[in-house]
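The block underneath contains the structure these notes are about, expressed in structure tokens.
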Amino acid sequence: MKTNKLFICLAAFQMLVSCGDKKTKEEATSEETQQDTVAIERITVKGTEFYKGDKPYRYVGTNYWYGSLLGAKEGGNRERLAEELDIMKANGIDNLRIMVGAESGEQDYTVTPALQPKQGEYDDNLLDGLDYLLNEMRKRDMHAVLYLTNNWEWSGGMAQYLEWNGKGKLPNPNIPPNTWPQFMEYTKQFHSCEPCMEAFNNHIKFILSRTNAYNDVKYTEDNTIMAWQVANEPRVFTADNEEKFTKWLTDVVALIDSLDSYHLISTGSEGKAGSADDIAIFERTHDNPKIDHLTMHTWPKNWSWYDHANAEETLPKSIEKAIAYIDEHIALAEKLNKPIVLEEFGLPREGESLDKASSTADRDAFYKAVFERLEQSNKNNEPFAAVNFWGFGGTGKNDPSDGKWNEGEDYTTDPPQEPQGLNSVFATDKSTLALIKEYNDKLEN
Numbered sequence: 000m001k002t003n004k005l006f007i008c009l010a011a012f013q014m015l016v017s018c019g020d021k022k023t024k025e026e027a028t029s030e031e032t033q034q035d036t037v038a039i040e041r042i043t044v045k046g047t048e049f050y051k052g053d054k055p056y057r058y059v060g061t062n063y064w065y066g067s068l069l070g071a072k073e074g075g076n077r078e079r080l081a082e083e084l085d086i087m088k089a090n091g092i093d094n095l096r097i098m099v100g101a102e103s104g105e106q107d108y109t110v111t112p113a114l115q116p117k118q119g120e121y122d123d124n125l126l127d128g129l130d131y132l133l134n135e136m137r138k139r140d141m142h143a144v145l146y147l148t149n150n151w152e153w154s155g156g157m158a159q160y161l162e163w164n165g166k167g168k169l170p171n172p173n174i175p176p177n178t179w180p181q182f183m184e185y186t187k188q189f190h191s192c193e194p195c196m197e198a199f200n201n202h203i204k205f206i207l208s209r210t211n212a213y214n215d216v217k218y219t220e221d222n223t224i225m226a227w228q229v230a231n232e233p234r235v236f237t238a239d240n241e242e243k244f245t246k247w248l249t250d251v252v253a254l255i256d257s258l259d260s261y262h263l264i265s266t267g268s269e270g271k272a273g274s275a276d277d278i279a280i281f282e283r284t285h286d287n288p289k290i291d292h293l294t295m296h297t298w299p300k301n302w303s304w305y306d307h308a309n310a311e312e313t314l315p316k317s318i319e320k321a322i323a324y325i326d327e328h329i330a331l332a333e334k335l336n337k338p339i340v341l342e343e344f345g346l347p348r349e350g351e352s353l354d355k356a357s358s359t360a361d362r363d364a365f366y367k368a369v370f371e372r373l374e375q376s377n378k379n380n381e382p383f384a385a386v387n388f389w390g391f392g393g394t395g396k397n398d399p400s401d402g403k404w405n406e407g408e409d410y411t412t413d414p415p416q417e418p419q420g421l422n423s424v425f426a427t428d429k430s431t432l433a434l435i436k437e438y439n440d441k442l443e444n
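See below:
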């Protein structure tokens with residue numbers, strides 16, 4: 000009888016059915032994956048320090064916003080995703096800042112396909128892509144910071160919610176006669192648009208209620224996720240908007256915390272640059288016990304510190320200004336007793352070339368200065384805990400003749416309105432990757 004029962008069970012397993020409960024093929028083959036990844040540890044905060052399990056966690060990570068697009072069954076590239084995750088892991092990169100998904104995708108120079116083609120409607124293929132990405136990261140003991148919307152038009156973001164809710168057509172600043180001041184004045188309305196904020200809240204509830212289809216782990220219980228982030232670069236815009244912005248930010252943070260008290264919460268702010276260039280506003284908007292860690296961004300080229308045509312003179316000044324900006328925010332993080340992450344920074348190649356064979360010497364020098372400041376913070380127990388460079392373009396292909404992104408072409412971490420490859424670190428950038436690995440090794444030790 001025992002032999003017959005064993006035979007029946009084995010036969011049933013071959014039909015993807017267990018001796019007891021039924022299992023799908025994915026469920027039947029997931030045990031090995033779960034066993035491989037069960038040891039992944041949760042990221043927490045104690046004072047000004049991140050911890051992974053019971054050990055301090057400091058890192059050089061990257062921006063990889065398009066990861067879920069690669070993970071999609073249809074239109075994705077899972078082979079590329081696996082290769083790039085392996086390259087990052089081999090260089091000590093285990094922390095990825097990722098966009099949950101774009102809104103609309105119908106504007107020119109906007110991420111497509113969109114997770115929300117219409118307000119409240121979701122592309123199941125891209126939800127599956129996000130699940131797949133997180134599961135692949137889980138296998139590799141990597142962690143994700145997931146931002147839930149965008150301040151900028153390149154993925155729809157807050158401006159798209161405004162268009163969806165009757166505030167007129169989004170004035171895309173990349174298309175004349177629209178301007179950046181016009182776009183920012185338009186987007187500032189988001190913080191007082193009740194149906195826009197309600198729709199975004201519903202989006203948060205939808206995403207945070209998800210269970211990963213590849214490992215059956217609830218998002219709210221997944222140690223792969225380090226933190227939820229309100230948005231990419233949410234801005235107060237002008238000082239007179241501080242009260243509305245703060246109320247909105249406080250309400251969103253409270254909502255996330257009510258839905259998921261397990262994970263960390265951050266805002267995605269640029270810091271002073273996203274706070275009407277006033278560090279006091281940044282302090283007031285982030286003096287909130289439910290915000291677990293602070294963020295800052297610095298962009299020497301975009302902020303007119305760095306000029307590739309005069310790199311010899313402007314690169315040292317850019318480094319000096321960037322370190323001063325970091326130091327100012329370290330002091331505030333110390334005051335608020337929170338860790339802080341420089342989660343966006345970048346520099347073009349020599350001459351702003353998009354050619355992968357062009358020199359990265361200036362970029363490497365800038366990266367090295369930032370990494371040295373991070374190492375110093377580590378040695379001195381300062382709250383500057385980590386960085387995410389912008390960004391990893393991996394094996395993505397770009398056209399160096401014009402850099403324009405067209406629908407269906409590879410993403411290379413530069414958003415679609417920017418020249419593709421402008422700030423990308425490609426898999427072929429050996430000197431940059433070696434520098435990243437060197438400092439990740441130093442931080443780990």
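When we follow numbering that gives the first Met the number 0, the leftmost residue of the sequence shown carries the number 0, and every step to the right adds one. Ideal Cβ positions, reconstructed from N, Cα and C, are used throughout, including at glycine.
Given residue i, which residues of its chain have a CB within under 7 Å of its CB, disregarding the five upstream and five downstream residues?
{"i": "Asp-401", "result": "none"}
{"i": "Lys-396", "result": "Asp-409"}
{"i": "Lys-51", "result": "Glu-40 and Ile-42"}
Take the Cβ of residue i as the centre, count every other Cβ of all protein chains shown within 10 Å, and call the residue buried at 16 or more, exposed below.
{"i": "Gln-181", "result": "exposed"}
{"i": "Gly-119", "result": "exposed"}
{"i": "Asp-130", "result": "buried"}
{"i": "Asn-375", "result": "Going by the sequence as given, residue 375 is Gln instead of Asn. Gln-375 should be labelled exposed."}
{"i": "Glu-193", "result": "exposed"}
{"i": "Thr-148", "result": "buried"}
{"i": "Pro-315", "result": "exposed"}
{"i": "Thr-237", "result": "exposed"}
{"i": "Pro-347", "result": "buried"}
{"i": "Thr-109", "result": "buried"}
{"i": "Gly-75", "result": "buried"}
{"i": "Asp-93", "result": "buried"}
{"i": "Ser-257", "result": "exposed"}
{"i": "Pro-233", "result": "buried"}
{"i": "Thr-178", "result": "exposed"}
{"i": "Gly-165", "result": "exposed"}
Using only alpha-carbon positions, find the residue among the options that is nearest to residue i.
{"i": "Pro-112", "options": "Met-87, Lys-88, Ala-226 and Ser-154", "result": "Ser-154"}
{"i": "Lys-429", "options": "Asp-130, Ala-253, Ala-360 and Glu-162", "result": "Ala-360"}
{"i": "Gly-100", "options": "Ser-376, Gly-66, Leu-421 and Asn-301", "result": "Gly-66"}
{"i": "Val-62", "options": "Tyr-185, Asn-301, Ala-143 and Gln-159", "result": "The sequence shown places Asn at residue 62, not Val. Looking at the Cα atoms, Ala-143 is the closest of the given residues."}
{"i": "Glu-282", "options": "Leu-314, Leu-169, Asp-306 and Lys-337", "result": "Lys-337"}
{"i": "Asp-140", "options": "Asn-164, Lys-168, Leu-95 and Glu-242", "result": "Leu-95"}
{"i": "Tyr-261", "options": "Ser-274, Trp-247, Asp-291 and Phe-236", "result": "Asp-291"}
{"i": "Pro-172", "options": "Asn-164, Trp-163 and Met-183", "result": "Met-183"}
{"i": "Leu-442", "options": "Leu-353, Phe-370 and Lys-217", "result": "Phe-370"}
{"i": "Asn-231", "options": "Ala-89, Pro-347 and Glu-343", "result": "Glu-343"}
{"i": "Thr-47", "options": "Gly-420, Glu-105 and Leu-335", "result": "Leu-335"}
{"i": "Ile-322", "options": "Glu-406, Ser-358, Ala-368 and Lys-243", "result": "Ala-368"}
{"i": "Asn-200", "options": "Glu-319, Asp-440, Asn-214 and Trp-247", "result": "Trp-247"}
{"i": "Val-456", "options": "Glu-83, Lys-54 and Lys-45", "result": "Lying before the first or after the last residue shown, residue 456 is absent from the chain, which here runs from 0 to 444."}
{"i": "Asn-150", "options": "Ile-339, Asp-53, Met-98 and Tyr-121", "result": "Met-98"}
{"i": "Arg-79", "options": "Ser-268, Asp-259 and Leu-132", "result": "Leu-132"}
{"i": "Trp-64", "options": "Phe-49, Ala-356 and Leu-145", "result": "Leu-145"}
{"i": "Thr-223", "options": "Asn-405, Leu-341, Leu-263 and Glu-102", "result": "Leu-263"}
What three-state label does DSSP hand residue i in the structure shown?
{"i": "Ala-426", "result": "coil"}
{"i": "Pro-414", "result": "coil"}
{"i": "Arg-57", "result": "coil"}
{"i": "Phe-445", "result": "Any answer about residue 445 is impossible in this case: the structure gives the chain only from 0 up to 444."}
{"i": "Gly-392", "result": "strand"}
{"i": "Arg-79", "result": "helix"}
{"i": "Lys-246", "result": "helix"}
{"i": "Phe-199", "result": "helix"}
{"i": "Glu-269", "result": "coil"}
{"i": "Ile-224", "result": "strand"}
{"i": "Tyr-305", "result": "coil"}
{"i": "Asn-439", "result": "helix"}
{"i": "Arg-139", "result": "coil"}
{"i": "Lys-320", "result": "helix"}
{"i": "His-292", "result": "coil"}
{"i": "Glu-73", "result": "coil"}
For residue i, collect the residues of the same chain with a Cβ closer than 8 Å to its Cβ; drop the 5 residues on either side in sequence, then sort them by chain order.
{"i": "Asp-127", "result": "Gly-70, Ala-71, Lys-72 and Ala-212"}
{"i": "Ile-422", "result": "It is Asn, not Ile, that sits at residue 422 in the sequence shown. These residues qualify, in order along the chain: Gly-345, Leu-346, Pro-347, Trp-389, Gly-390, Thr-412 and Asp-413."}
Who are the near neighbours of residue i in its chain, counting only those whose CB is closer than 6 Å to its CB and skipping five residues on each side?
{"i": "Ala-198", "result": "Gln-118 and Tyr-160"}
{"i": "Thr-454", "result": "The requested residue 454 is not part of the displayed model; the chain covers only 0 to 444."}
{"i": "Ala-426", "result": "Ile-86, Gly-393 and Thr-394"}
{"i": "Pro-418", "result": "Leu-353 and Gly-402"}
{"i": "Val-216", "result": "none"}
{"i": "Leu-432", "result": "Asn-90"}
{"i": "Gly-167", "result": "none"}
{"i": "Pro-399", "result": "Leu-353 and Asp-354"}
{"i": "Asn-439", "result": "Val-59 and Gly-91"}
- Is there contact between the stretch 241-260 and the stretch 293-306, where contact requires at least three CB pairs shorter than 8 Å? no
- Task: Specify whether the stretch 395-415 and the stretch 373-380 touch according to this definition: at least 3 beta carbon pairs, one from each stretch, less than 8 Å apart.
- Result: The answer is no - the stretch 373-380 does not touch the stretch 395-415, with fewer than three Cβ pairs under 8 Å.
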